[in-house]
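Below is one structure, written out as structure tokens; comments come after it.
Residue numbers (my numbering): 1 to 267.
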């Protein structure tokens, strides 16, 4: 009970902080090329589709012209909130990073926030949630724990494999890592390196979407070369890790999304 109440206090405090940060917006720029009253009426919220993402990106770009520090703190706070409490949907925030800060600065920011937020999630799970996670997901935790023990000698590459491929959701891997006895240093660097391709794809996609205003822009040579670069960045690291895994890792019984083959055969 004490662990549940402690986690509730942490979540409530972070929620209040984020609510106040998004509610009391600074004054809009005087010459931002946008109606100030219209900007003040819009409410900041997590985007759930591409339309909402573009609207949010335009609004934050409007404030960023004179309030760069505020936009940066707001973005970092929202990103850490999602990552720390294992809330799915980081892809939209990664794309927002590309739209706001550009492809390369956005990538650095996204990688840093992903790693720090995942580490916060690790610490929260270790402090408050281990018993509850085992109780809620007994079979999945047992399966993942068994595979972690079988690959203990190559634990870092095992974690990289799980980050590169959708064998188990990232948020679930974050909350179960303390239960699997994964050292924090190994967890930290596996997140930092393992999610670079995913962050790269999302951030560069967001940067491209923010620059596209018509169908002609989609089929320009510059856009096509960028998409080709994104595809290569996604495929090359994954191919290397997959090749390594075939000879060094034991992944028997694990299918996409962490489904056990034996469970699938019984259905």
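Quick reminder that beta carbons are idealized off the backbone N, C-alpha and C, glycines included.
Keep in mind the model is a prediction, meaning the values are calculated, not measured.
Asked                                                                                                                             : Found
Test item: CB-CB of residue 306 and residue 204 under 8 Å                                                                         : Because residue 306 is not part of the residues shown, which for the chain are 1 to 267, the question remains open.
Extent of the continuous alpha helix (DSSP H) to which residue 119 belongs                                                        : 103-124
Start-to-end residues for the alpha helix (DSSP H) that takes in residue 54                                                       : 50-64
Own chain, CB closer than 6 Å to residue 67, minus 5 neighbours either side, in chain order                                       : 26
Beta-carbon contacts of residue 128 that lie in its chain and below 6 Å, excluding the five residues immediately before and after : 3, 6, 7
Closest Cα partner of residue 147 within the set 211, 173, 123, 185                                                               : 173
Same chain only: Cβ atoms within 7 Å of residue 176, ignoring 5 sequence neighbours per side                                      : 133, 141, 144
Cβ distance (whole Å) where residue 194 is taken to contact residue 159 below 8 Å                                                 : 7 Å
As assigned by DSSP and simplified to three states, the class of residue 40                                                       : Its pLDDT being 47, under 50, residue 40 is placed unreliably by the model, and the measurement read from it follows with that caveat. Residue 40 falls in the helix class under three-state DSSP.
Close beta carbons around residue 305, own chain, < 8 Å, minus the five adjacent residues each side                               : A question about residue 305 goes unanswered here, because the residues of the chain that appear run from 1 up to 267.
The segment 56-71 in contact with the segment 9-19 per 3-pair CB rule at 8 Å                                                      : no
Nearest to residue 340 (by Cα), restricted to the options 107, 162, 152, 95                                                       : Since the first and last residues shown for the chain are 1 and 267, residue 340 lies out of range.
Inter-residue Cα distance where the pair is residue 78 and residue 18                                                             : 7 Å
Residue environment, residue 23, which counts as buried when at least 16 other CB atoms sit within 10 Å                           : exposed
CA-to-CA distance, residue 151 to residue 36, given in whole angstroms                                                            : Because the pLDDT at residue 36 is just 49, under 50, the model does not fix this residue reliably, and the value given afterwards should be weighed accordingly. Each residue's alpha carbon lies about 57 Å from the other.
Residue nearest to residue 60 in terms of C-alpha spacing, selected from 136, 89, 100                                             : 100
Through-space distance from residue 98 to residue 199, alpha-carbon basis                                                         : 10 Å
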